[in-house]
Amino acid sequence: MTSLPYGNVTALQALGLLPVYDDPGHNISADTDIKWSGEGGERGEIGLFPEDHAAFLAGRVELLPEILQAASQPPPSSFSFGHAPNLYWLPYLMTGDAKYLDHMEVYYRIFCNQMNKPYDNWVSWQQAGRYLAWPLRQLVQLAYLEKRGLTKNSYYLVALENAKNNFLNNAMSGKPENKHHDVWRVLVFNSVTYDSFGWTGWMESMVGQVINYAVQLGFNDWFPIAEWQFEHLNRRMNLWSIKAVDNDHVFFANRAPSGAITDYASGRAWAASNGWDKVTEYPKYKMDMPTYSGWDKNSLFAADSKVDGMFYTYHNRAQYAYAWAALAAKNRIPGAAEIANILRSKVNDRGDQWDFKNYQSGYPFSTDSRLKVNSGTWKPVRNENGLVEKNSWLGLPISSLDNPQILKIDKLNPVSDITNLLKDRGFDTSKMYGYSRVKGTFTAWVGQAFDRAANIAYYPWGGGHADSSINGIWKFNIDKLKFDIESMPSNPNRVGVQWSANYKNRGGDGTFTTYMDDAGGIHFSLPDGRPPSQHTYGGVVKIGDLLFTTRNRKYSYNLKTKEYKIENWIKNESLFMTSIQNAVFSYRDQAFGILKSELQYFGWNKLESSQSVVIEDISSPPNGINFVGQHLVLQMDDTRLMAINFDAQSSRSVYAIFDMETESWGDLVETYGLPEHNYTQEMQAGVYIPSWGSKGSVLREFSYGSLRGQWYVLDLATSQYTPFSFTGYKIQAGTFVGNKAFIADVGGIKALFYLAVNSKVSEVYVMRIQ
């Protein structure tokens, strides 16, 4: 069973469980008088969400107590399908109270019982309009909860699969060039009997909202249905005109001559020979009225009153259409963003008061064709200053635990970008020693330092061993999605500080990590006084203007003065040599983490300031946490670190959390669900995603051993690991990724970035999580 972030609106919205609504600005009270009998006319409870629930999500938090009060009542044994409200979903998500979920399950069974249909297979040609929308809405929500092990009954996922197959195999099975299919593709959703094939502007929009909502809940296999059905709104807007988009009731049989349609078969036969030519937005006598016929086709028609003695429509029909288009735009359905933008502006032009339940957020939706995701690749749009535009960031789909859509960023290649910059700036690339050149500065056990305030990741003097001699400093600007060079590498042939033949020959002793002079002497700096290239592991940190690494020596670079400095470490008043088992994280002007000598696997350390070279021993992790190479240390937020480990002595997978503010460790927590595996090493990818689960989750990729390249997600509420795979782009596993998988706040969103560099690819991926 997987929990949810109950009561956290932002987290629930990030998961796609709750829509985001704008506030139209008028006052509203909670609806505590639910009229289940279905009184005529428009009411606030009709919609994807009731009016007061949408108002709460738009920021009217004072409505919640009465919303919960109204939802305390179970559904009656019978009710009107047309006015069946989404009464229990929001209360359940806000409280986690099982009584609301019980009401939902009863509610669903009553729907099926009134249709005289089985609980696991109720959708057929006879369900349409609101008779389709509201049972389907209930089913989608329960199927989502069943997938997480939260429902008592287990027929919802089967029912949803059967519903999907009904549409895919029946409604969508015709050929587009066939007029029968061409008309039926939109009419079939609103048929109760053969002579009521047709649509209403608002009911069709309700169906469209529910289907797109299903996609947002992670049921991606419903996307083809959502895209197929959106043709209805596309034709109302583009084949007819904007003035007809909020038409009320249009019945197919009324377009045929008297007696031509007497059953389903004759209805299909008539459609096959007539199609859209005979199916118009209003009856001909209404369309011929002088006001309507003379109305600007690019403006919404008059609503809520008679025109030329005839009633045409209600004002909220266009609002329902906007809500449908807005949800479709968020699902990247072609043409939906353009329609949503037009409808919102046209409703505003008509001067209508917006309903909360239709005032979907996201306007204006991006219509730039370059923003469209094709084959899992995202093409960011930049302004004249090179910054990625906010709308481009907002155009990324929000991923959830059930629908984690990761995308490759178009034309972003770390290795090629840095190589080309080196050439452009006059560096002789033939003087790059080592077998992997620039690639090795990303793959050779190299860490990064991420400046969250500036949104820049730094990669100082990576490489080392026999991988690469290049000791430059690269940087990755997240706001621009651009790689650049902060400091050029040392010139091996610079007069007076040229490199020895020993060092050029793969470092003389097989490594570029230390410098070997012509006499065979070993040094921890190059002749120009700068750090040699090296495997930096997790020991890379930026505090203020100082960027430094921790292996062997304190190698530092001042980003402001552009000066390098190399200092010895000191511990217990003696010189101290740090080894590879190191990882450090900044908190204010301090640094915390692992600063160990070779074969020292326990303990925990601190640097009192960015200028300090004194390594202090502080509170050790709980027994079971060690740093033998099976560990993963990651930063959860501004103050907390997590150390994850496989404890070989007890054969347990465990973790503990360290608070940098209080300098204290939490309890050791045992975790479950990982398969047996051999050696892992510490350059695993690991990120904490607070919106995935009630206590957040850790997304982890193994980078060595039997689980290499495999992803798992650890739910901190249940301590359970489960296998994980992305949707979207088929990503490649980077080599020793480590903290080059990280989360950044950029352009109004929160996103995961992942640098994938290996022997075959050099790519960067992005996944929006909020």
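With the numbering used here as the guide, the letters of the sequence shown map in order to residues 6 to 775.
Ideal placement from N, C-alpha and C gives every residue a C-beta, glycine not left out.
Note that the coordinates shown come from a computational prediction; the quantities given were computed from them, not determined experimentally.
| Query | Result |
| --- | --- |
| Coil, strand or helix - Gly469 by DSSP | strand |
| Touching by the beta-carbon criterion (3+ pairs, under 8 Å), the segment 498 to 505 and the segment 543 to 551 | no |
| Same chain, Cβ closer than 7 Å to Glu151, five either side skipped, listed in chain order | Ser159, Tyr161, Leu162 |
| Exposed unless 16 or more other CB atoms sit within 10 angstroms - verdict on Gln358 | exposed |
| Pick from Ala738, Val692, Gly714 that is closest to Phe747, judged by C-alpha positions | Val692 |
| Same chain, Cβ closer than 6 Å to Leu637, neighbours up to 5 away in sequence not counted | Ile649, Gln689, Gly691 |
| Given 8 Å, three or more beta-carbon pairs between the segment 733 to 742 and the segment 417 to 426 | no |
| Nearest-angstrom beta carbon gap, Ala19 and Gln796 [assumed within contact, 8 Å] | It is not possible to answer for residue 796, since the shown part of the chain is limited to 6 through 775. |
| Residue burial classification, Met315 (beta-carbon count within 10 angstroms, cutoff 16) | exposed |
| Sequence-distant residues of its chain with Cβ nearer than 6 Å to Val769 (five each side left out) | Ile414, Leu417, Leu760 |
| Best match in Ser397, Gln234, Pro70 for proximity to Asn36 [C-alpha to C-alpha] | Note that residue 36 is Asp in the sequence shown, not Asn. Among Ser397, Gln234, Pro70, the Cα nearest to that of Asp36 is on Pro70. |
| Proximity to Tyr660 [Cα-Cα], best of Glu668, Thr667, Phe651 | Phe651 |
| Complete beta strand (DSSP E) runs within the segment 700 to 751 (minimum length 3 residues, chain order) | 702 to 706, 716 to 720, 725 to 729, 746 to 751 |
| Cβ neighbour criterion (16 or more within 10 Å) applied to Gly534 | exposed |
| Beta carbon proximity, Arg645 to chain B, threshold 8 Å | The chain inventory of the structure shown lacks chain B, comprising one protein chain alone. |
| Buried/exposed call for Met772, threshold 16 Cβ in 10 Å | buried |
| Under the three-state DSSP convention, the category His88 falls into | helix |
| Cutoff 8 Å; reference Lys291; Cβ partners in own chain excluding five residues on either side | Tyr297, Met315, Tyr317 |
| Cut-off 8 Å between Cβ atoms - residues of its own chain near Lys565, not counting five sequence neighbours on either side | Asp550 |
| Touch test, the segment 96 to 108 against the segment 75 to 87, Cβ-Cβ under 8 Å, three pairs minimum | yes |
| Cβ-based burial, Pro90 [other Cβ within 10 Å; buried from 16] | buried |
| For Leu9 and Leu147, the rounded distance between their alpha carbons | 14 Å |
| Rounded straight-line distance, which links the Cα of Leu22 to that of Phe758 | 24 Å |
| Ala231 to Tyr325 span [Cα, whole Å] | 16 Å |
| C-beta contact flag for Ala164 and Asp226 at 8 Å | no |
| Simplified DSSP state of Val111, which is helix, strand or coil | helix |
| Under the three-state DSSP convention, the category Ala756 falls into | strand |
| Assigned secondary structure, Leu192 (DSSP; H/G/I helix, E/B strand, else coil) | In this prediction, Leu192 has a pLDDT of 45, which is less than 50 and means its spatial position is unreliable; nothing more can be read from the coordinates. |
| Own chain partners of Leu92 with C-beta closer than 6 Å, once the 5 adjacent residues on each side are dropped | Ala76 |
| Nearest neighbour of Leu144, chosen from Asp523, Ala219, Asn390 [CA to CA] | Ala219 |
| Reduced DSSP category for Asn239 - H, G, I as helix; E, B as strand; rest coil | helix |
| Segment limits, alpha helix (DSSP H) that includes Asp57 | 56 to 62 |
| Classification of Ile411 by the beta-carbon crowding that lies within 10 angstroms, buried from 16 upward | buried |
| Distance CB(Ser142)-CB(Met208) smaller than 8 Å | Before going on, a small fix: residue 142 reads as Arg here, not Ser. No. |
| Continuous alpha helix (DSSP H) stretch holding Thr296: start and end | 295 to 299 |
| Touching by the beta-carbon criterion (3+ pairs, under 8 Å), the segment 303 to 311 and the segment 326 to 339 | no |
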